[in-house]
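S.K.: My structure is below; once you've seen it, I'll send some questions.
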Amino acid sequence: MANAKPASKILRVLILDDSPDDTEQASSVLRQAGYMLKTQRLETGVAVEQTLDNGQWDLILCAHGVPSLPPRQVVELVVRKKLLIPVIVLARRIQDDDLRTLMQAGARDVVIKGQWGRLVPVVERELATVQDRKSAIEAREALEQLEARYRSMIEASLDAIGYVQDGMHMDANAAYLRLFGFDKLETLKETPLLNLIDKVDQTRFKQALRKPEGTAKPQEFQAVTGSGHRVSVEVVMNPLTIHGEPCVQIVATDISKRKALESKLQSMHQRDALTGLYNRSHFLNVLGDNLKTPGGVLIGLNINHLADLNQRIGHVACDRLLVQLALQLRDAAGSVASLARIAGGQFAVLLDNKTATQGEGLIKKIESLLDSLSTGDNGGSLKSEVILTTLKLDGRQKDRQAIMDQVFKAEVRPIPAKVAAAPAPAPEPKASEPVPVPSINIPSLEITAASAPAPVVHDQHRTMPALGQDWSSALKEALANNTMELAFQPIINLHGDPQPFYEAKFQLRTADDQLIPPDLYMPAAETSGLGGKIDRALMMSVVDTVSKYRLEGRSGTVFVSLSVAAVNDNALLTAMQMHMKATGLRPGDLVLQLNESVFSQHMEAARAFTQKASAIGVSIAIDCFSGQGITLEQLSGIKIDYLGINCGVGGLEEISLYNAIDAAHALEKTIIARNIDEAELFTTLFSRGVHYVQGNYLQPATTGLDYTFEEEQTLASDVPSGPNWRAAG
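Residue 7 is where the sequence shown starts when you use the working numbering, and the numbers rise one by one after that.
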């Protein structure tokens, strides 16, 4: 028991007794025991309640047998007021019934006057009891406050949190109810937990529920809401004990948007950007699966001399022709075949062993649609430009590339146009050559991997010029003639936010009709002193273009990359501001982007530039951020909104990439991963909290701000995406 009489303790005692002598004797005993007393004596019970209200008392000594001070009323008054003040009754003599009545009413003890040796132990005991009761009350109040605080945190949490015992819900927060489609907690408590998990995942979920201590790593499950809708969730389970009973805490996160984005990105990776058909890479995978079961048929369509056709009718008309061909092929094949645009004017149609019997009918449809399509120059039919080849697939073929090269090898004579007379019979083909299709009766060919020729390089594939080539003359001419081409590449939110972001790029078109991106020509531009001119031309062009889109009611934030010359161009921001006012473009629609090397090499000029841009209302981004070229302390004093990290060729290595992301998070900046060229990066970037991604893998740059960001929030269907107008040649 705790010591009830510390040296500095002043004991405040209210004594209710009409005998001054007895009062003094009791006080003397307590003083001798070491207590410093502050006492007040009342002879009647009239002022007891007022005295209790106006003062703070540690102890009440109440005499028994005094008519004007009935101890039972005093005890009941203390109990009614819920005061933690022990009442000790002092009596010369007392009947057993009176003693029992007083103790039942709440008196702490009875001490016989004259036997003062019992008074001190009783007082010590009761004071210690009061102290214990106060400590217990404080602990209970602290626990209640803690529980209320954690309850508030759980209720406000965006994560769905529920508590389960023996497969039934005990409690859940509002986010949990929303996630699983329940309005009331009582309804959820009546629903077994397994009813909220899809049947295909129930076995795996039960295993995790039996050993929740082993599921610290999030697991993905397909959940079923109360209304029957399915939703992808990520679940973490933690064993807990609540009110002495073991239970499991379930933290569920809705990952539907993330799964939708992953599906969309996968679909984008599998599709040709122009036609929406499968691309070569994915089609080779489909072909590989088909080769496991012999009996399929592969049909190849090859438009002869696509480059010449591009020159004759123009790139836009040629693109439209390819899109029209793809749409009609899709209508003709339906669900019978897999379709792909392999490269340039090469299309593939694959029938598996179950649908191969419909091959002849499909060939007739293809011939008919080719005859109906016009190239647009002198009314010529596309059929005269196309080589059509068919190939039977057996179990001996293993090399997918060899098969594709066999179907799309040398350009041979095209399909003849329809004539009234029947065509002459075709000669018997050799056993190792694909057969041009002269008529509806298509001969077929069986080949083996050994007979397949070496891969053929098609002339539609052009090699990108090497980095470091001198573009100075071409740039001077393009700037003088105002022929630089403005393009916009979408920046896609990894977490499903449809807010449209783009990066504006000036592309240089060469004499041989190639588009050179700024990554290749800017080194030569800065060396020759053209960086500032390109910055101004790009800025004015972006303001003009984006303001027009704004007038049409479209939204979008555009990133504009500037050279090192921009931070020393005192008039650039002023000219930009004046042009924005003239066109009505808001400053918030632009983000000016500078390379990290600009800050590391020209810190003071870059700092002044960002301050002036921020004063105008324009945001600032740092590109090629590594966290090494500039210290975090230096960046903390500069208003930066976005940090771009290069994930492509020539970008950061894995460890450096992780360090750059961690540094960006430490600065609490929005992170953009650029130059994405492989799907494997998405899981890493998403798990590390990267906000946006960008790259040709997702979507190449186009001439308009017309990318449909809203589609990132919905699950990609099996229907190919619509055409995207960009050059195909």
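Quick reminder that beta carbons are idealized off the backbone N, C-alpha and C, glycines included. Since we're looking at a predicted model, the values are computed, not measured.
Under DSSP, the alpha helix (DSSP H) around residue 265 begins and ends at which residues?
M.R.: Translated into the one-based positions of the sequence shown, residue 265 becomes position 259. Segment 262-276, the alpha helix (DSSP H) holding residue 265.
S.K.: Which of the three DSSP states, helix, strand or coil, is assigned to residue 369?
M.R.: Position 363 of the sequence shown holds residue 369. The answer is helix: DSSP assigns residue 369 an H, G or I state.
S.K.: Once the 5 residues before and after residue 47 are set aside, which same chain residues still bring their CB inside 6 Å of it?
M.R.: Along the sequence shown, read from residue 1 onward, the residue named residue 47 stands at position 41. 21, 29, listed in sequence order.
S.K.: Using DSSP with H/G/I as helix, E/B as strand and the rest coil, what is residue 114?
M.R.: Along the sequence shown, one-based indexing puts residue 114 at 108. Three-state DSSP puts residue 114 in coil, outside helix and strand.
S.K.: So for residue 18, helix, strand or coil by DSSP?
M.R.: If you number the sequence shown from 1, residue 18 lands on position 12. Residue 18 falls in the strand class under three-state DSSP.
S.K.: Please return the same chain residues whose Cβ sits closer than 6 Å to the Cβ of residue 643, not counting the five positions on each side in sequence.
M.R.: The sequence position of residue 643 within the sequence shown is 637, counting from 1. Taking residue 643 as the centre and dropping the five residues before and after it, the same chain places no C-beta closer than 6 Å to its C-beta.
S.K.: Under a Cβ-count criterion, where at least 16 other Cβ atoms within 10 Å of its own Cβ denotes burial, should residue 441 be classed as buried or exposed?
M.R.: The count along the sequence shown starts at 1 and reaches residue 441 at position 435. With a pLDDT of only 42 at residue 441, under 50, the local geometry of the prediction cannot be trusted, and the value read off the model is given with reservation. With 16 or more other Cβ atoms within 10 Å, it is buried.
S.K.: Is residue 539 helix, strand or coil by DSSP?
M.R.: Looking up residue 539 in the sequence shown gives position 533. Residue 539 falls in the helix class under three-state DSSP.
S.K.: Do residue 562 and residue 549 have their beta-carbon atoms positioned less than 9 Å apart in this structure?
M.R.: Translated into the one-based positions of the sequence shown, residue 549 becomes position 543. Translated into the one-based positions of the sequence shown, residue 562 becomes position 556. Not a contact, by the Cβ cut-off of 9 Å.
S.K.: Apart from the five residues just before and just after residue 254, which ones in its own chain have a Cβ nearer than 8 Å to its Cβ?
M.R.: Walking along the sequence shown from the start, residue 254 turns up at place 248. Cβ within range, chain order: 169, 170, 171, 215, 218, 243, 244, 245, 246.
S.K.: In or out: residue 443 buried (at least 16 other Cβ within 10 Å) or exposed?
M.R.: Counting from one through the sequence shown, the residue named residue 443 turns up at place 437. Its pLDDT being 39, under 50, residue 443 is placed unreliably in this model, and the value from its coordinates should be taken loosely. Flag for residue 443 reads buried.
S.K.: Compute the beta-carbon to beta-carbon distance between residue 90 and residue 139, rounded to the nearest angstrom, for a pair I have assumed lies under 8 Å.
M.R.: If you number the sequence shown from 1, residue 90 lands on position 84. If you number the sequence shown from 1, residue 139 lands on position 133. Indeed they touch by this definition, with Cβ atoms about 6 Å apart.
S.K.: DSSP puts residue 2 in a beta bridge; with which residues?
M.R.: No information on residue 2 is available, as it lies outside the stretch 7 to 735 that the chain covers here.
S.K.: Specify whether the region 344-352 and the region 366-383 touch according to this definition: at least 3 beta carbon pairs, one from each stretch, less than 8 Å apart.
M.R.: no
S.K.: Tell me the DSSP secondary structure of residue 607 in three-state form.
M.R.: Position 601 of the sequence shown, counted from the first residue, corresponds to residue 607. In this structure, residue 607 counts as helix in the three-state DSSP scheme.
S.K.: Okay, do the region 495-502 and the region 530-544 touch, 3+ Cβ pairs below 8 Å being the bar?
M.R.: no
S.K.: Tell me, to the nearest whole angstrom, how far the beta carbon of residue 740 is from that of residue 653; I am working on the premise that it is less than 8 Å.
M.R.: Nothing about residue 740 can be read from this structure; the chain reaches only from 7 to 735.
S.K.: Would you kindly work out how many angstroms separate the C-alpha atoms of residue 666 and residue 202, rounded to a whole number?
M.R.: Against the sequence shown, residue 666 aligns to sequence position 660. Against the sequence shown, residue 202 aligns to sequence position 196. So the two alpha carbons sit approximately 40 Å from each other.
S.K.: Going straight from the alpha carbon of residue 16 to that of residue 42, what length do you get?
M.R.: For the purposes of this step, residue 16 is identified with residue 10 of the sequence shown, where counting begins at 1. For the purposes of this step, residue 42 is identified with residue 36 of the sequence shown, where counting begins at 1. Approximately 5 Å between the Cα atoms of the pair.
S.K.: What is the DSSP secondary structure of residue 567, reduced to helix, strand or coil?
M.R.: Against the sequence shown, residue 567 aligns to sequence position 561. Residue 567 falls in the strand class under three-state DSSP.
S.K.: Cβ of residue 150 within 9 Å of Cβ of residue 112?
M.R.: Locating residue 150 in the sequence shown gives position 144, where the first residue counts as 1. Locating residue 112 in the sequence shown gives position 106, where the first residue counts as 1. No, they are not a contact pair.
S.K.: For the region 349-366 against the region 308-323, are there 3 or more C-beta pairs whose distance is under 8 Å?
M.R.: yes
S.K.: Under a three-way DSSP split, which group does residue 175 fall into?
M.R.: Here residue 175 refers to the residue found at position 169 of the sequence shown. Residue 175 falls in the strand class under three-state DSSP.
S.K.: At the level of alpha carbons, what is the spacing between residue 262 and residue 498?
M.R.: If you number the sequence shown from 1, residue 262 lands on position 256. If you number the sequence shown from 1, residue 498 lands on position 492. About 17 Å.
S.K.: Return yes when the Cβ of residue 395 is within less than 9 Å of the Cβ of residue 365, no when it is not.
M.R.: Mapped onto the sequence shown, residue 365 falls at position 359. Mapped onto the sequence shown, residue 395 falls at position 389. No, the Cβ-Cβ distance between residue 365 and residue 395 is not below 9 Å.
S.K.: Roughly how many angstroms lie between the CA atoms of residue 54 and residue 80, to the nearest whole one?
M.R.: Within the sequence shown, residue 54 is the residue found at index 48, counting from 1. Within the sequence shown, residue 80 is the residue found at index 74, counting from 1. Residue 54 and residue 80: Cα-Cα distance of roughly 8 Å.
S.K.: Tell whether a beta-carbon distance below 9 Å holds between residue 165 and residue 230.
M.R.: Within the sequence shown, numbered from 1, the residue matching residue 165 stands at position 159. Within the sequence shown, numbered from 1, the residue matching residue 230 stands at position 224. No, Cβ-Cβ distance for residue 165 and residue 230 is not below 9 Å.
S.K.: Could you tell me which of 647, 167, 338 sits nearest to residue 674, measuring between CA atoms?
M.R.: For the purposes of this step, residue 674 is taken as the residue at position 668 of the sequence shown. The option with the nearest alpha carbon to residue 674 is 647.
S.K.: Spell out the partners DSSP gives residue 194 in its beta bridges.
M.R.: Sequence index remark: in the sequence shown, residue 194 carries index 188 (1-based). Partner(s): none; residue 194 has no beta bridge.
S.K.: Where does residue 491 sit, in a helix, a strand or coil, going by DSSP?
M.R.: Here residue 491 corresponds to residue number 485 of the sequence shown, with the count starting at 1. For residue 491, the secondary structure class from DSSP, reduced to helix, strand or coil, is strand.
S.K.: On the three-state DSSP scale, how would you describe residue 591?
M.R.: Position 585 of the sequence shown holds residue 591. Reduced to three states, the DSSP call for residue 591 is coil.
S.K.: If we count the other Cβ atoms within 10 Å of its Cβ and call it buried at 16 or more, is residue 576 buried or exposed?
M.R.: For the purposes of this step, residue 576 is identified with residue 570 of the sequence shown, where counting begins at 1. Under this definition residue 576 is an exposed residue.
S.K.: Going straight from the alpha carbon of residue 26 to that of residue 141, what length do you get?
M.R.: Within the sequence shown, residue 26 is the residue found at index 20, counting from 1. Within the sequence shown, residue 141 is the residue found at index 135, counting from 1. Approximately 36 Å, taken between the alpha carbons.
S.K.: Is it true that the CB of residue 296 sits closer than 9 Å to the CB of residue 399?
M.R.: For the purposes of this step, residue 399 is taken as the residue at position 393 of the sequence shown. For the purposes of this step, residue 296 is taken as the residue at position 290 of the sequence shown. Yes; because the gap between Cβ atoms is below 9 Å, this pair is in contact.
S.K.: Buried or exposed for residue 23, please, with buried defined as at least 16 other CB atoms from any protein chain shown within 10 angstroms of its CB.
M.R.: To locate residue 23, count along the sequence shown from 1; it is residue 17. That one is buried.
S.K.: Distance check for residue 339 and residue 628, CA to CA, integer angstroms please.
M.R.: Residue 628 sits at position 622 when you count from the first residue of the sequence shown. Residue 339 sits at position 333 when you count from the first residue of the sequence shown. When rounded, the distance between both Cα atoms is 49 Å.
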